[in-house]
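J.: After the structure tokens below, expect a handful of questions from me.
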Amino acid sequence: MPHYTYTFSDGHTLNIDLKRRAKKNLILRPIDAHTVSISLPPFVGERRLQEWLRSNEALLRQTQAKGAAKQMPADTLPAWIWYHGIQTALTPSEQSCIRHRPSEMLIPHQETAQQIQHLRRFLTARAREYLLPRLERHAAALDLRPAAAALSNAKTFWGVCRARTGIRLNWRLIGAPEYVADYVCIHELCHLPHPDHSPRFWALVNRHTPHTQAAKSWLKAHGSELFILG
1 MPHYTYTFSD GHTLNIDLKR RAKKNLILRP IDAHTVSISL PPFVGERRLQ
51 EWLRSNEALL RQTQAKGAAK QMPADTLPAW IWYHGIQTAL TPSEQSCIRH
101 RPSEMLIPHQ ETAQQIQHLR RFLTARAREY LLPRLERHAA ALDLRPAAAA
151 LSNAKTFWGV CRARTGIRLN WRLIGAPEYV ADYVCIHELC HLPHPDHSPR
201 FWALVNRHTP HTQAAKSWLK AHGSELFILG
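In the UniProt record's numbering, the protein residues as written are 1 to 230.
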């Protein structure tokens with residue numbers, strides 16, 4: 001079955017171009033706003049593929065978003081972005097710097113590539129001011145101390161936790177609602193005592209946030225849209 005349509009848990013669909021390759025690992029690549037490519041090892045059957053798809057919907061949406069970004073003309077500024085969970089309009093302005101007001105960001109008149117670069121720098125700075133102190137507060141509340149904390153520009157992870165290098169949070173989480181940012185912080189902190197996704201890990205996560213399912217649902221529905229700026 002070289003072409004396949006996958007239906008997400010929320011009812012949305014995604015076209016998948018399936019290929020068989022003599023490789024050990026499954027390889028996922030973006031094609032366009034509606035299609036991704038998956039190269040499958042010979043031993044992966046349809047049932048196992050379905051299980052993988054269901055377990056990796058967030059990754060599928062992020063890859064789909066990369067395909068959409070590839071299609072977006074380089075001289076096109078998005079009409080809006082997510083900012084703290086609010087759809088925020090991007091409005092060209094005579095201002096010399098980016099200004100945020102409720103549901104709107106005023107963007108200086110520049111070449112579009114410069115506007116996007118300027119906006120990414122602005123959002124990364126806001127993410128550093130917002131996400132890292134938030135992680136520190138949760139770490140104190142849970143009495144769990146990562147070796148370090150920093151932002152990342154990851155394309156496939158919202159956060160990562162390693163015992164030696166600490167926790168990195170994706171700067172794009174500045175676009176998500178507060179409860180989603182809290183969930184990701186707590187999720188990564190709980191990997192310090194439990195570097196897995198065992199029942200004990202999830203029990204610890206759920207002990208410290210009531211929003212696990214809501215946050216996962218928001219990221220499944222909108223996570224790909226956080227990659228609109230690349």
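For glycine and all other residues, C-beta sits at the position ideal for the given N, C-alpha and C.
So the beta strand (DSSP E) Ser93 belongs to, where does it begin and stop?
T.: In this chain, the beta strand (DSSP E) harbouring Ser93 covers 86-93.
J.: Any contact between the stretch 183-192 and the stretch 136-145? By contact I mean 3 or more CB pairs, one from each, below 8 Å.
T.: yes
J.: Under the assumption that Leu151 contacts Leu119 (Cβ atoms under 8 Å), give the Cβ distance between them as a whole number of angstroms.
T.: With a Cβ gap of about 16 Å, Leu151 and Leu119 do not count as contacting.
J.: Which one of Val160, Gly166, Leu219, Arg172 has the shortest CA to CA distance from Glu129?
T.: Arg172
J.: Grab me the residues of His208's own chain with a C-beta within less than 7 Å of its C-beta, minus the 5 sequence neighbours each way, in chain order.
T.: Leu142, Ile186
J.: Would you report the Cα separation of Pro92 and Pro102, rounded to the nearest angstrom?
T.: 16 Å
J.: Which one or two residues does DSSP pair with residue 252 in a beta bridge?
T.: Past the boundaries of the shown model lies residue 252; the chain is included only from 1 to 230, so the question cannot be answered.
J.: Under 8 Å, do Thr124 and Glu104 count as touching if we go by C-beta distance?
T.: no
J.: From the DSSP secondary-structure annotation, give me the bridge partner or partners of Ser39.
T.: Residue pairing for Ser39: DSSP places it in a beta bridge opposite Lys19, Ile27.
J.: Given a cut-off of 8 Å, decide if Ala147 and Arg134 are closer than it, judged by their beta-carbon atoms.
T.: At least 8 Å separates the beta-carbon of Arg134 from that of Ala147.
J.: Rank Arg145, Trp80, Leu219 by C-alpha distance to the C-alpha of Asp10 and give the top, closest one.
T.: Leu219
J.: Leaving out the 5 sequence neighbours to the left and right, which residues in its chain are closer than 6 Å to His109 when beta-carbon positions are compared?
T.: Pro92
J.: Would you report the Cα separation of Leu144 and Leu189, rounded to the nearest angstrom?
T.: The alpha-carbon atoms of Leu144 and Leu189 are separated by roughly 7 Å.
J.: Identify the residues that DSSP records as bridge partners of His100: which are they?
T.: Met105
J.: Using a 10 Å radius around the Cβ and a threshold of 16 neighbouring Cβ atoms, would you call Glu30 buried or exposed?
T.: Looking at the sequence itself, residue 30 is Pro, so the reference to Glu does not match. Its Cβ being crowded by 16 or more others within 10 Å, Pro30 is buried.
J.: Can you give me the Cβ contacts of Ala79 inside the same chain, cut-off strictly under 8 Å, excluding the 5 residues immediately before and after it?
T.: Ala89, Leu90
J.: Is Ile27 buried or exposed, if buried means 16 or more other CB atoms sit within 10 Å of its CB?
T.: exposed
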